[in-house]
Every structure is written in C-alpha cells, then in structure tokens.
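Residue numbers (UniProt numbering): 1 to 433. Glycine included, each C-beta is placed from N, C-alpha and C at the ideal position. Note that the structure is predicted; figures quoted are calculated from it, not measured. Here the structure comes first, spelled out in structure tokens, and everything after it is commentary.
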C-alpha cells in the first residue's frame with residue numbers, strides 16, 4: 001500500500017468505512033499515530049475488524065485522496081477487469097459477505113479479516129460490458145422505485161392539502177420582503193411582526209367554515225407514561241415492553257419500537273396501549289418529530305406508554321372522532337403552533353408541554369359524520385400512497401435479487417445471464433490488487 005507522512009496529512013482526507021459500505025470523511029485535524037496509507041477513488045478499503053459485518057466499500061470520487069491506518073487495508077482493482085459501480089454492488093451481496101466471514105480469524109468478538117484472506121476471495125467477473133449492463137438494469141429499477149415513491153409523496157401531500165382546505169386551514173401566502181406599512185395597534189389581534197404584516201398587507205388566511213376549538217375543549221386529558229430502565233431488545237412472547245418515541249414519531253404506530261421490561265419490575269397495566277388510542281410524541285432530539293401524532297389501529301398486547309409519549313384520554317361522550325383528531329394534529333396549521341414554542345436551531349432535546357398541547361387550536365366540524373367523511377377521503381389517498389411505496393420496495397428488492405442471481409447463479413431466481421458466451425468467470429482478488 002502507498003504510504004504517506006504527517007506533513008501531507010492536510011492534503012489527504014482521513015476516512016472511515018461504515019457497516020453500510022458507505023465511506024465518509026472523519027473530522028480529524030491531527031495525523032494518525034503510526035503508519036498512514038493513501039487511498040484513491042476507486043480503491044477498495046475495509047475494516048479488518050468490521051469487514052465481516054459489512055464495513056467494506058469503494059472510495060468515491062467525491063472524497064478524492066484519502067488516508068487510513070493499517071487497520072484499513074487498501075486494494076486497487078484493475079479498472080479493465082472490474083467496473084467500479086459493479087464492484088460496489090458485488091461487495092454488498094450476501095454471497096460475498098458470507099465468503100468474507102469465512103476468512104475472519106481470531107477470538108470471538110475480535111475476529112479480523114487479513115489482507116491475505118481478503119485477496120484469496122474469488123468474485124464473479126463477467127465481461128466489463130456485461131458488468132455495466134447489470135448495473136444499468138439495477139439503476140433503471142431504482143429509478144422506477146424512486147418514481148413510485150415520488151407519486152406516493154404527491155398523493156399524500158395532495159390528500160392532506162385537500163383535508164386542510166376542507167377545514168379552511170390552508171397555509172397563508174408568503175409575506176412580501178421588507179414591506180413598508182403603517183398599522184394601528186387597536187386593529188391587531190396579535191402583537192407580532194408577522195401579525196402586523198398580514199393584517200396590513202391583506203394576507204390573512206380565509207376564515208374556516210367550522211368553529212375553532214382548543215384541544216382541551218374536546219378531550220378529557222393527556223397522560224404520559226413510565227420510562228424505567230429497560231432491556232436493549234424488544235419485548236418477546238409474554239413479556240411486557242415500554243414504547244420508544246420512535247413508535248409514534250413517524251406518524252404511523254410501530255409496535256415493534258419498544259424495549260422489554262426487566263422481569264424484576266412490575267408492569268403498570270393502566271399504561272397498556274390499546275387499539276383506538278391516539279398517541280403524541282412529547283420529546284425528541286429533532287424538532288420536526290416533536291408533537292407528532294398517530295392513531296393506533298392495532299397493537300400487540302402488554303406494551304406500555306413511556307414518559308415521552310402522551311396518550312389522549314377522550315370524553316365519555318366524544319365530540320371528536322379520534323381518527324379525525326389524529327389527522328388534524330398532523331396538519332401544518334397545528335405543526336406551526338407546536339414548532340413556535342421552541343427553537344429549532346438548538347441541538348438539545350426538544351419538548352412540548354402538556355399545557356401547550358391542550359392549547360392547540362383547530363377547526364372542528366360539529367357533525368361527527370363530516371369528520372368521518374373527511375378522514376375517509378384522506379385515508380384513501382394515504383392507502384394509495386402506501387401501495388406505491390410497497391411496490392417501490394418490492395421493485396428494489398427484486399432488482400437486487402436479480403443482480404445477485406445473475407452473477408452467482410442462485411437457483412431460487414431465474415438468472416439474467418443465460419447464454420453460454422455470457423457465463424461468469426471467477427478471478428482472484430489477488431489479480432486485481
């Protein structure tokens with residue numbers, strides 16, 4: 001491997017290899033201790049310790065000249081034998097990772113892949129044109145998946161906008177830059193720079209056709225749960241578990257996002273989540289996730305609410321459809337009220353308090369049938385979006401299986417390369433160093 005010196009460290013970028021195969025620049029101003037080695041775009045680099053877990057990749061052009069320690073061996077493939085994009089994909093296949101793990105040696109938990117073991121591996125090596133054709137087919141499928149996901153996002157956005165428009169809570173138009181205005185204090189419903197501008201420039205949003213209510217007007221209470229020291233794994237079988245904030249913060253309830261309650265602790269059955277609950281994320285490190293809300297369609301038993309999640313306690317006689325409530329709390333109109341309560345710039349944990357949530361305002365049709373109909377229309381668009389996302393996921397998975405089958409001949413999938421002249425050869429990694 002090509003070595004370098006401390007004097008040249010500033011010209012080379014220190015890198016690390018992630019378990020996903022991605023390579024990124026490390027924030028390290030000082031040279032490494034010991035020998036340093038140079039890597040160039042297109043070179044293979046892996047972690048001796050973590051290669052068997054997926055820490056192996058190809059240095060991208062965006063990084064340029066890189067520098068690593070001896071713990072990250074570097075090999076230079078022959079560009080006439082291996083296309084760089086093809087190589088990146090081969091290194092991520094299950095077949096290759098399984099073969100790589102067989103080369104790891106040492107004590108349990110500290111097994112390493114040596115450069116010699118790596119070079120003894122053999123990889124499928126069709127002709128360079130066939131490699132590029134396989135990569136192109138895969139990326140074409142990724143493009144189709146991306147288009148499906150874009151359609152899903154548009155369907156969701158259009159559905160939510162239609163829901164908001166029906167309630168009369170469309171976002172106000174953008175304000176003019178630095179307008180010159182004169183306003184009377186007595187005319188202002190709210191003393192703020194934005195309120196002044198909207199009143200005197202005529203950009204106030206139109207009034208809603210429905211009464212404006214506060215959350216505290218339509219629910220009995222909000223309760224949060226309990227966050228004991230839990231196990232690091234999810235609850236299994238008959239165990240009790242405690243929900244993580246991530247069970248709620250995506251806007252879709254995810255029962256699998258939980259941690260098992262230690263057996264020595266007594267569960268609090270009154271905090272068990274039930275189908276029909278509305279849950280709100282109280283805290284998160286990301287401002288965009290604070291106050292996110294979801295409706296629980298179904299859940300596994302014995303899962304408790306944590307103290308960073310609020311559960312809506314409805315009135316005995318409900319003035320609001322809980323599915324409608326979950327949707328209206330996700331609108332931009334409500335999100336702006338939540339985000340206005342704290343700085344989104346700080347890197348600290350963000351929290352929204354119970355009084356703030358209870359004070360959130362939104363339009364509410366008094367007829368439950370109208371609420372239900374609005375939710376049904378929105379659910380239709382969300383279901384169509386989910387179907388496209390599912391198809392996108394299937395498209396990506398099928399494309400990857402097709403690629404791996406084509407080069408390894410997996411009998412469970414029809415190979416893409418079938419003609420005798422396209423049969424795959426194998427080359428030793430020794431020959432492409």
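Can you name, in chain order, every residue of its own chain whose Cβ lies under 7 angstroms from the Cβ of residue i, other than the five neighbours on each side?
i: residue 307; result: 224, 225, 226 and 227
i: residue 64; result: 13 and 41
i: residue 272; result: 302, 303 and 304
i: residue 234; result: 241, 256, 258, 259 and 260
i: residue 180; result: Since pLDDT at residue 180 reaches only 46, below the 50 mark, its modelled position is unreliable, and no value is offered.
i: residue 147; result: none
i: residue 231; result: 259, 260 and 262
i: residue 300; result: 255
i: residue 53; result: 19
i: residue 17; result: 23, 45, 46, 47, 55, 56, 57 and 72
So, for residue i: in the same chain, excluding its five sequence neighbours on each side, which residues have a beta-carbon less than 8 angstroms away from its beta-carbon?
i: residue 498; result: Missing from the structure shown is residue 498; the chain here goes from 1 to 433 and no further.
i: residue 118; result: 46, 51, 73, 75, 100, 103 and 429
i: residue 156; result: 381, 382 and 385
i: residue 400; result: 138
i: residue 115; result: 73 and 75
i: residue 83; result: 128, 131, 132 and 135
i: residue 4; result: 12, 36, 37, 38 and 67
i: residue 7; result: none
i: residue 79; result: 42
i: residue 267; result: 240, 261, 302 and 304
i: residue 149; result: 388, 389 and 392
i: residue 229; result: 262
Which residues in the same chain as residue i place their Cβ atom closer than 6 angstroms to its Cβ, once the five residues preceding and following it in sequence are excluded?
i: residue 404; result: 93
i: residue 293; result: 280, 326, 329 and 330
i: residue 152; result: 385, 388 and 389
i: residue 2; result: 38
i: residue 311; result: 223, 277, 279 and 305
i: residue 337; result: 360
i: residue 34; result: none
i: residue 154; result: none
i: residue 49; result: 112
Per DSSP, which residues does residue i bridge with? Please list them.
i: residue 24; result: 16
i: residue 294; result: 279
i: residue 363; result: 212
i: residue 333; result: Bridge partners of residue 333: none, in fact.
i: residue 328; result: Residue 328 pairs with nothing; no bridge assigned.
i: residue 66; result: 13 and 39
i: residue 224; result: 310
i: residue 350; result: 284
i: residue 272; result: 304
i: residue 243; result: 258
i: residue 4; result: 36
i: residue 95; result: Answer by DSSP bridge pairing: none, since residue 95 is not bridged.
i: residue 58; result: 44
Out of the options, which has the shortest C-alpha to C-alpha gap to residue i?
i: residue 111; options: 71, 77 and 368; result: 71
i: residue 369; options: 319, 336, 407 and 337; result: 319
i: residue 392; options: 140, 334 and 167; result: 140
i: residue 166; options: 153, 152 and 208; result: 208
i: residue 288; options: 239, 339, 317 and 321; result: 339
i: residue 239; options: 250, 264 and 222; result: 264
i: residue 19; options: 55, 62, 35 and 126; result: 55
i: residue 97; options: 113, 107 and 168; result: 113
i: residue 243; options: 154, 270, 254 and 7; result: 254
i: residue 160; options: 298, 379 and 296; result: 379
i: residue 81; options: 126, 377 and 106; result: 126
i: residue 394; options: 30, 145, 120 and 362; result: 145
i: residue 372; options: 163, 251 and 212; result: 163
i: residue 274; options: 285, 297 and 402; result: 297
i: residue 168; options: 402, 334 and 398; result: 334
i: residue 285; options: 251, 313, 317 and 246; result: 246
i: residue 122; options: 95, 158 and 142; result: 95
i: residue 21; options: 27, 29 and 85; result: 85
i: residue 354; options: 367, 313, 366 and 317; result: 313
i: residue 295; options: 270, 251 and 269; result: 251
i: residue 377; options: 366, 158, 270 and 237; result: 158
i: residue 62; options: 107, 25 and 30; result: 25
i: residue 216; options: 356, 402, 237 and 29; result: 356
How close, in whole Å, do the beta carbons of residue i and residue j come, if the pair is a contact with beta carbons under 8 angstroms?
i: residue 434; j: residue 214; result: This structure does not reach residue 434, given that the chain is present from 1 up to 433, and the question cannot be answered.
i: residue 309; j: residue 248; result: 6 angstroms
i: residue 324; j: residue 375; result: 5 angstroms
i: residue 87; j: residue 67; result: With 8 angstroms as the limit, residue 87 and residue 67 do not qualify as a contact, their Cβ atoms being about 21 angstroms apart.
i: residue 23; j: residue 77; result: Actually they do not touch by this definition, with Cβ atoms about 15 angstroms apart.
i: residue 210; j: residue 364; result: 6 angstroms
i: residue 69; j: residue 32; result: 5 angstroms
i: residue 396; j: residue 142; result: 6 angstroms
Would the C-beta of residue i count as close to the ligand HEM, meaning under 7 angstroms from any of its heavy atoms?
i: residue 26; result: Among the components modelled here there is no ligand, and therefore nothing to report on the ligand HEM.
- alpha helix (DSSP H) runs wholly inside the region 112–137, at least 4 long, in chain order: When DSSP assignments are scanned along the region 112–137, the uninterrupted stretches of alpha helix (DSSP H) that are 4 or more residues long and fall wholly within it turn out to be 115–119.
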